[in-house]
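All remarks here apply to the structure that follows.
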Amino acid sequence: MNVTKTQLYNLHKINGAKFVKFAGYEMPIQYSSGIINEHNLTRTKSGIFDVSHMGQLFLKGGDDLTEKLQNIFPTDLKKLNINQSKYSFLLKENGGIYDDLILTKLKDGFIIILNAACKHNDLKIIKSRLKDNSLELNEDASLIAIQGPESKDILEKVVKNVSSLNFMYGNVFDYDNEEIFVTRSGYTGEDGFEISISNQKVNDLVNRLLDLGSNLIGLGARDTLRLEAGLCLYGHDINEETSPIEANLKWAISKNRVNENFPGAKKIKSQLNEGVKKIRVGIKPNSKIIAREFTKIFDKSNNEIGTITSGTFGPSVKAPIAMGYVSNEFSKNDTEIFLEVRGKKISANVCKLPFYKKSYVKGSINV
Amino acid sequence: MSDVKYSKEHEWIKVDGDIATIGITQHATEMLGDIVFAELPEKGSSVTKDGTAGVVESTKAASDVYTPVSGEITDTNQSIVDDPSKINQDPEGEAWFFKLKLKDKSEIDSLMNKEEYDKFAKESST
Chain W
1270 MNVTKTQLYN LHKINGAKFV KFAGYEMPIQ YSSGIINEHN LTRTKSGIFD VSHMGQLFLK
1330 GGDDLTEKLQ NIFPTDLKKL NINQSKYSFL LKENGGIYDD LILTKLKDGF IIILNAACKH
1390 NDLKIIKSRL KDNSLELNED ASLIAIQGPE SKDILEKVVK NVSSLNFMYG NVFDYDNEEI
1450 FVTRSGYTGE DGFEISISNQ KVNDLVNRLL DLGSNLIGLG ARDTLRLEAG LCLYGHDINE
1510 ETSPIEANLK WAISKNRVNE NFPGAKKIKS QLNEGVKKIR VGIKPNSKII AREFTKIFDK
1570 SNNEIGTITS GTFGPSVKAP IAMGYVSNEF SKNDTEIFLE VRGKKISANV CKLPFYKKSY
1630 VKGSINV
Chain R
170 MSDVKYSKEH EWIKVDGDIA TIGITQHATE MLGDIVFAEL PEKGSSVTKD GTAGVVESTK
230 AASDVYTPVS GEITDTNQSI VDDPSKINQD PEGEAWFFKL KLKDKSEIDS LMNKEEYDKF
290 AKESST
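These protein sequence lines are chains W and R, in that order.
Okay, so the first sequence: first residue is 1270 according to the numbering used here, each after it adds one.
Okay, so the second sequence: first residue is 170 according to the numbering used here, each after it adds one.
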């Protein structure tokens, strides 16, 4: 299989990156200072993530396009303001999740950011559902995220007015005589931005941000950051076998759309009415033992009640943390459950998410 | 002359009379990254050459710690359980894992010396 390198590959290498193959890309898992240091730099200062492996899909069109997309996604796209972003899903007919994604409504269309491992399949599905064979992923632009409390001031120095963006909004800005698209969003639980910029200029931008005090952060810290923030990782916490309701993400389904006709609508409606058998919860082991993905979950009578889907050590909460699915009757906060790690059952509690309080900057417009 | 020997599982062993001190190598910690959890064998338990005798976990993954020799555990280093980051800081010094009373001293003979191990580690990481 061919391995693709992003535009920033050499920069990663110079900075001591250890690489990992991810979705056909050679991506930095960490740099020389290590995952915990990178995690802490993002929480306390500023970190840059190369997420150029993710899919960027631009769809051109007006109200007619909004109407068509409304038939594909469970989000009320008509209600979105221009430049507003929403977390949404590409769903199977049976309610399973093909991908989770961020949609941003533009004056002349939509931008959709897709997971790297799903993007080609997503494109196929979107093409067929829209009956538009001309759609292509944008391979000419790189995507970077800058996250953490100092990021706003650092980015403002090179992208004028960017700090005026509200959380979950995007806009076009000028960078070095080029139009770049920036959204105020991310995957760390911190304030931050995601920037789509031409492949020609991405190295220049990242180098300037590094000079201004930001730091390169690898996929390893991206994972500990997002798990502390309670955010799902596609292919682990959600997949084609889980619905948004089971994934405890019903907040991302627009209420007024439940009775409408989009793929998965029927299942979502029935699960909202009748409840679900299993549901995603936060899990806190009552010891220092880490329970990883695929760890089996038991009740106190030794009945198997679920599985861990993500688990690690949370550097900011300074304790092991996990997420997983449990039978609905065990999903209340503080329910004691048992995790089978290396043949032993260890005590844990179901807990609220996130593990680490999010510091998103809320703007004046709340939707 | 160094009296420290090394295993292919990246443990080091230092022998003093019939007591051996065992830990994981600098190279192992570099491969693992930040260590956030350590589990040690129980004092008084018996371990067998190449069997598991503990666990270390980084933010990324869990790895077994093997014992390069057989014996009875006489002491364990609780300070690395309390603060696993010590393993990254001084793996071949203060952050030893356990001590054991050797069952069969000849088991040491098959282990690598420093030069051999450095070569092995370099080859196995490329």
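Cβ coordinates follow ideal geometry from the N, Cα and C atoms, glycine included.
Note that the structure is predicted; figures quoted are calculated from it, not measured.
DSSP places W/GLN1469 outside any beta strand (DSSP E), giving it a letter other than H or E. Burial state of W/LYS1290 is exposed, judged by a 10 Å Cβ sphere holding fewer than 16 other Cβ atoms. Listed along chain R, the residues sitting closer than 8 Å to W/PHE1582 by beta-carbon distance are VAL205, PHE206, GLU226 and THR228. Along the length of the region 1412-1476 of chain W, whole beta strand (DSSP E) runs at least 3 residues long occupy 1439-1444, 1447-1452 and 1461-1467, reported in chain order.
For R/MET200, the enclosing alpha helix (DSSP H) begins and ends at 195-201. Fewer than three beta-carbon pairs drawn from the region 1550-1559 of chain W and the region 1279-1288 of chain W are found closer than 8 Å, and the two stretches are therefore not classed as touching. Assigned with DSSP and collapsed to three states, R/ASP278 falls in helix. Chain order gives no chain R residues near W/LYS1614, where near means a beta carbon separation below 8 Å; the closest approach is about 15 Å. The criterion of a C-beta distance shorter than 8 Å is satisfied by R/SER215 and R/GLU241. Secondary structure of W/LYS1329 (DSSP, three-state): strand.
Contacts with chain W at 8 Å (Cβ-Cβ) do not include R/ALA290. Residues of the same chain with a CB within less than 6 Å of the CB of W/THR1275, apart from the 5 flanking positions on each side, are ASP1319 and SER1321 in chain order. Taken in chain order, the complete alpha helix (DSSP H) segments of 4 or more residues contained in the region 1500-1566 of chain W are 1534-1543.
In the three-state scheme derived from DSSP, where H, G and I count as helix and E and B as strand, R/VAL250 is classed as helix.
Our two residues, R/PRO237 and R/LYS272, have alpha carbons roughly 12 Å apart in a direct line.
The Cβ of W/GLN1299 sits closer than 8 Å to at least one Cβ of chain R. In terms of Cβ geometry, W/ASP1345 and W/PHE1358 do not form a close pair [threshold 8 Å].
For the region 1323-1411 of chain W, the continuous beta strand (DSSP E) assignments of 3+ residues that do not extend past its boundaries occur at 1324-1329, 1354-1360, 1366-1375 and 1378-1383, in sequence order. One alpha carbon belongs to W/LEU1488, the other to R/GLY186, and they sit about 46 Å apart. Looking only at W/GLY1364, W/ASN1271, W/LEU1334 and W/ALA1386, the smallest Cα-Cα distance to W/MET1323 is reached by W/ALA1386. R/ALA231 reaches chain W at ILE1559, ARG1561, VAL1610 and ARG1611, counting residues in chain order whose Cβ is nearer than 9 Å. Within the region 1364-1375 of chain W, no residue has its Cβ closer than 9 Å to any Cβ of chain R.
Look at R/GLY202: its C-beta is under 8 Å from a C-beta on chain W. For W/GLY1303, the chain R residues whose Cβ falls inside 7 Å of its Cβ are GLY202 and ASP203, in order along the chain. Contact between W/ILE1522 and W/PRO1343 holds, since their C-beta atoms are separated by about 5 Å, short of 8 Å. For W/THR1493, a Cβ of chain R is located within less than 8 Å of the residue's own Cβ. For W/TYR1356 and W/TYR1629, the gap between their C-alpha atoms comes out near 15 Å. For W/GLY1489, the chain R residues whose Cβ falls inside 8 Å of its Cβ are GLY202, THR228 and LYS229, in order along the chain.
A contact between stretches requires three or more CB pairs, one per stretch, nearer than 8 Å, and the region 1566-1579 of chain W meets this requirement with the region 1597-1611 of chain W. Across the structure, W/TYR1444 and W/GLU1463 are spaced so that their CA atoms are roughly 14 Å apart.
Here W/PHE1442 is buried: its Cβ has 16 or more other Cβ atoms, across all protein chains shown, within 10 Å. Boundaries of the beta strand (DSSP E) around W/PHE1607: 1605-1610.
For R/GLY220, there is no enclosing alpha helix (DSSP H), since its DSSP letter is neither H nor E.
In the three-state reduction of the DSSP assignment, W/GLN1276 falls in the coil class, being assigned neither a helical nor a strand state. When secondary structure is reduced to three states using DSSP, W/GLY1575 falls in the strand class.
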